[in-house]
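With the sequence shown counted from 1, adding 20 to any position gets you our numbering. All C-beta atoms in this analysis are idealised placements derived from N, C-alpha and C, irrespective of residue type, glycine included. Here the structure is laid out as structure tokens; the discussion comes afterwards.
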Amino acid sequence: MDRVDPREIQSLQLYLNEYRQQAEIFTQQLALLEEGRVEAFAAIEALEGAAAAPESVVLLQIGGGVSVRARILDPDRVLLNVGAEVIIEKPNAQAREYLKDRITEMEASARKVAETLNRIRGQMNEIAQRIELGYQQAQMGQMAAGAPSTGPGEA
């Protein structure tokens, strides 16, 4: 059996740590995409409600956990943030369509991020198996030499 090079194990540990950091970043991206999707669905629902009952009263959050009751003056005209701090006015129905398109884009992005995350996790598993194999080989070599064994958590 080949002798295990401790530098290889150390290098593999570094790769594993880098992949863990990448996996955490992609996991956060997935959470942000899901949060954006949920917010867009809620906005669509609110716009539909405003269009269906134009004289209704809504709760408007003004910050600090405070809300006020408000009446929407023109439920067919909404202000829509399209990115880069650009806000445009659109009819209610067009704003809902825009949000539905954004949801579709977020879902596609989430699928790509999830695929990348799965690929990273697969690489992490391969590296972890190689590290474990290295420790097993080192342990077997030490037992064959009559030395006491030490594993990854022992010292």
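Take I107 and list the residues in its own chain whose beta-carbon comes closer than 6 Å to its own, dropping the five residues that flank it on each side. Taking the first residue of the sequence shown as 1, we reach residue 107 at position 87. Counting only Cβ-Cβ distances below 6 Å, and skipping sequence neighbours, we find L99, N101.
Considering only residues of the same chain and omitting the five flanking positions on each side of M144, which have a CB-CB separation below 8 Å? Start at 1 with the first residue of the sequence shown, and residue 144 comes out as number 124. Correct list, in chain order: L36, Y39, R40, A43.
Report the partner residues of N101 according to the DSSP bridge assignment. Within the sequence shown, numbered from 1, the residue matching residue 101 stands at position 81. Paired residue(s): I107.
Rounded to the nearest angstrom, what separates S31 and R122 at their Cα positions? On the sequence shown, residue 31 is found 11 positions in, with the first residue counted as 1. On the sequence shown, residue 122 is found 102 positions in, with the first residue counted as 1. When the Cα atoms are used, S31 and R122 turn out to be separated by approximately 42 Å.
Using the Cα positions of P111 and D94, report the straight-line distance between them to the nearest angstrom. In the sequence shown, the residue the question calls residue 111 occupies position 91. In the sequence shown, the residue the question calls residue 94 occupies position 74. If I take the Cα positions, the gap works out to 10 Å.
Short of 8 Å in beta carbon distance, which residues of its chain neighbour A130, apart from the five on each side in sequence? Order them along the chain. One-based indexing of the sequence shown puts residue 130 at position 110. Same-chain partners within the cutoff: L50, L53, E54, R57.
Would you decide whether F61 is buried or exposed? Buried here means 16 or more other CB atoms lie within 10 Å of its CB. Residue mapping note: residue 61 aligns to position 41 of the sequence shown, counting from 1. By the Cβ neighbour-count rule, F61 is exposed, with fewer than 16 other Cβ atoms within 10 Å of its own.
Quick check: what's the CA-CA separation for A70 versus I147? Taking the sequence shown and counting its residues from 1, one reaches residue 70 at position 50. Taking the sequence shown and counting its residues from 1, one reaches residue 147 at position 127. Whole-angstrom Cα-Cα distance: 54 Å.
If you run the structure through DSSP and keep just helix, strand and coil, what is A73? Numbered from its first residue, the sequence shown carries residue 73 at position 53. If DSSP states are grouped into helix, strand and coil, A73 belongs with coil.
At which residues does the alpha helix (DSSP H) containing D18 begin and terminate? Since the first residue of the chain shown is 21 and the last is 175, residue 18 is not available in this structure.
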